[in-house]
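Just so you know, the sequence shown maps onto residues 0 to 517 in numbering that gives the first Met the number 0. Before any comments, here is the structure.
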Amino acid sequence: MASSFFLSCHKDTKKQVNHLKIAISEEPTTLDPRFATDLASMTTIKMLYEGLIRLNCFGKPQYAIAEKIEISPDQKTYTIHLKESKWSDNSPLTAQDFEETWFSVLDPKNLAPNAYQLFMIRGAKDFHLNKVSKNEVGIKASDSKTLVVEIEKPIPYFITLLSSPFFLPVHKTLRQTEEIEGANVPSNGPFTLKDWKKHNELSLTKNYNYVENKQVVFTDIELDVLDENIAYQMFLSNDLDWAGSPMSTLPQDSLQALKHRNLIRYLQAAGTHWLRFNTNDPIFSNKHFRQALSYAINRKDIVDHVTQGHQTPALAIVPPIMGLTSKGYFQDSDNPKAWEAFQLALKELKIDNDQIPELVLSYGASEREHKIAQVLQQQWQKIFSIPIRLEKVESKSYLAKVKSGNYQIAIGSWFADFMDPMNFLEIFKSKANSSNRTGWENETYTTILNQSDEETDETKRKELLIQAEKILMDEMPVAPLFFSTFNFLKSENGQHVSLIPLGYFNFNCNELTYDSIP
């Protein structure tokens, strides 16, 4: 018996209660869910598309396009019944739309960066590797309103995973052509794209075919590409409804004033700021050298004097909000241990301190990243007396640089796509993972994560995930810096939209009580 799962000219925005104006630091790299990898793209895409499952204001899964989900006794077959719904062009949204979209993600010709996220589906990985045909993959629309999905083995977080952008449907207009970014592409979410003025603004308009359209207050959304200082002044002048996270930053020198005026809001994010080490580099192939740099970092100094947004020092990579562990795997600013690891690294590398070549710390061109890089440079030079050069890279080029492995140390971050620790740990399961970018993999680490996928007991699964994270923090291909917090300004008009810890806007509920961090 199957079980069922429940689940120009700026106007005064306060006079336009149905219009929401949001500041963005840079425009999305894509509006196609199949190819998105950055938070700006994901957040915008979530305004345009709706999946089978959505996360509510508190990050818990609830039905969206799905009306009912039946799970087989062995927990490997999901029969998903769809609600009656339409695309914004009035064409019916069907189970075939999901089936064909998912196959297009898995099609190796499309080079979808997140194809691996679907590999838990039976035969999906082999199809992606051209080893099997479509008929051998566990994705089947049995009729227009029923989607049957078979997974390789029981996965405790599969329902939650369905809420992620990787499982969103795209219209046949997008599936049948090369990637396009036009207002003529139908969508099925709260809004549809009205206009996109490149490097300037995106205009969205309410989608009255959206399944929950009566819950959506706004008729229009304007996403303006703005300098953070201009956005800040516009907000103070009532010309902007939302500034700061998740799509832009607030000026560093304004944070204290905003705190005193009680204007700034905080929300704990499902994200971690970290350093990647290129383990293909001769110096960084040595784990003790990586450990030395990580142990020497004074994270508290960074969050207290640079970020100043109630971030917390990270001594692990999985944020505490994921419920894995609140304890770290090493101490912050542990100079004796850092020096011990450094000396061991020199011995293993068979070099002296003065033979260490100039090391390059790369980062994206933002004020905050630059200040973080400066602090790291000073801390490392003080302890190890090694040459560190800072390399600021324009944002559009930075991601490509890190992806290509053209770096030694790179400042970055990761924000979860679904609320489970595996979202962070799986990145480093294989160096072939397009999000890994460190060149590191470890057989024992991979084996433990595979075991966790098969473990149905939540307590035992949690123990396995902690074991895996412990290995990662010993090998240190990434050095965690701090657990992220969303810091933002929100007008009275913005009370009709909520932000969830994944960095997505939720238009289906009103004001969420955000963390009031003293």
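Think of the CB as a built atom: it goes at the ideal place given N, C-alpha and C, for glycine as much as any other residue. Source: prediction; values computed, not measured.
Classification of residue i by the beta-carbon crowding that lies within 10 angstroms, buried from 16 upward
| i | result |
| --- | --- |
| G322 | exposed |
| L471 | buried |
| D351 | exposed |
| D73 | exposed |
| V169 | buried |
| Y207 | exposed |
| P60 | buried |
| L110 | exposed |
| M342 | The sequence given here has Gln at residue 342, not Met. Classification of Q342: exposed, given that the 10 Å Cβ count is below 16. |
| F57 | exposed |
| T458 | exposed |
| R460 | buried |
| C8 | Residue placement at C8 cannot be trusted, given a pLDDT of 38 that sits under 50; what the coordinates show is reported in the next sentence. Exposed. |
| A230 | buried |
| E227 | buried |
| I252 | Here the sequence assigns Asp to residue 252, which means Ile is not the residue at that position. Flag for D252 reads exposed. |
| E453 | exposed |
| P135 | The sequence as given places Glu at residue 135; Pro does not occur at that position. Burial call: exposed. |
Between the CA atoms of residue j and residue i - distance to the nearest angstrom
| i | j | result |
| --- | --- | --- |
| S143 | G50 | 16 Å |
| N212 | H18 | 15 Å |
| L424 | V317 | 8 Å |
| G493 | P27 | 21 Å |
| A478 | E221 | 37 Å |
| K336 | S361 | 25 Å |
| Y503 | Y294 | 33 Å |
| I23 | Q95 | 34 Å |
| I154 | M119 | 8 Å |
| P250 | D37 | 21 Å |
| S40 | H198 | 14 Å |
| P476 | D300 | 22 Å |
| K395 | N113 | 19 Å |
| L274 | V392 | 15 Å |
| L498 | Q267 | 10 Å |
| S162 | N432 | 21 Å |
| K152 | T191 | 36 Å |
| N55 | Y48 | 15 Å |
| N237 | S490 | 8 Å |
| L173 | T455 | 38 Å |
| S84 | P91 | 6 Å |
| L167 | D353 | 53 Å |
| I70 | N422 | 23 Å |
| K130 | F34 | 23 Å |
| S186 | D194 | 14 Å |
| I387 | P356 | 9 Å |
| A123 | H309 | 41 Å |
| A467 | D333 | 23 Å |
| A364 | L398 | 11 Å |
| P500 | S247 | 16 Å |
| L257 | D240 | 15 Å |
| D331 | W338 | 14 Å |
| F417 | F427 | 17 Å |
Proximity of residue i and residue j at Cβ, strictly below 8 Å
| i | j | result |
| --- | --- | --- |
| I44 | P32 | yes |
| T306 | A315 | no |
| M46 | G270 | no |
| T76 | T145 | no |
| I68 | K82 | no |
| Q483 | H272 | It should be pointed out that residue 483 corresponds to Ser in this sequence rather than to Gln. Result yes, Cβ atoms of S483 and H272 sit closer than 8 Å. |
| N285 | L348 | yes |
| H127 | P107 | yes |
| I296 | L375 | yes |
| R298 | F487 | no |
| G404 | N277 | yes |
| I150 | F102 | no |
| K400 | R436 | no |
| A344 | F288 | yes |
| T42 | P319 | no |
| T445 | S429 | yes |
| D570 | L203 | Since the first residue of the chain shown is 0 and the last is 517, residue 570 is not available in this structure. |
Cβ separation of residue i and residue j, assumed to be a contact under 8 Å, to the nearest whole Å
| i | j | result |
| --- | --- | --- |
| A409 | L389 | Not confirmed; about 12 Å, so no contact. |
| L292 | W379 | 6 Å |
| F481 | T311 | 6 Å |
| Y62 | D419 | That pair is no contact at about 19 Å. |
| E530 | N441 | Since the first residue shown for the chain is 0 and the last is 517, residue 530 is missing from the structure and cannot be characterised. |
| F165 | L105 | With a Cβ gap of about 11 Å, F165 and L105 do not count as contacting. |
| S141 | V147 | 5 Å |
* Asked: Residue ranges of each alpha helix (DSSP H) run of no fewer than 4 residues wholly in the region 336-418, ordered along the chain?
  -> 366-383, 394-402
* To do: List in chain order: all unbroken beta strand (DSSP E) runs of 3+ residues lying wholly within the region 241-308.
  => 241-243, 264-276
* **Contiguous beta strand (DSSP E) assignments of at least 3 residues, all confined to the region 144-181** => 145-149
* To do: Please specify which runs of the alpha helix (DSSP H), each continuous and at least 4 residues long, are wholly inside the region 38-118, giving them in chain order.
  => 38-47, 94-105
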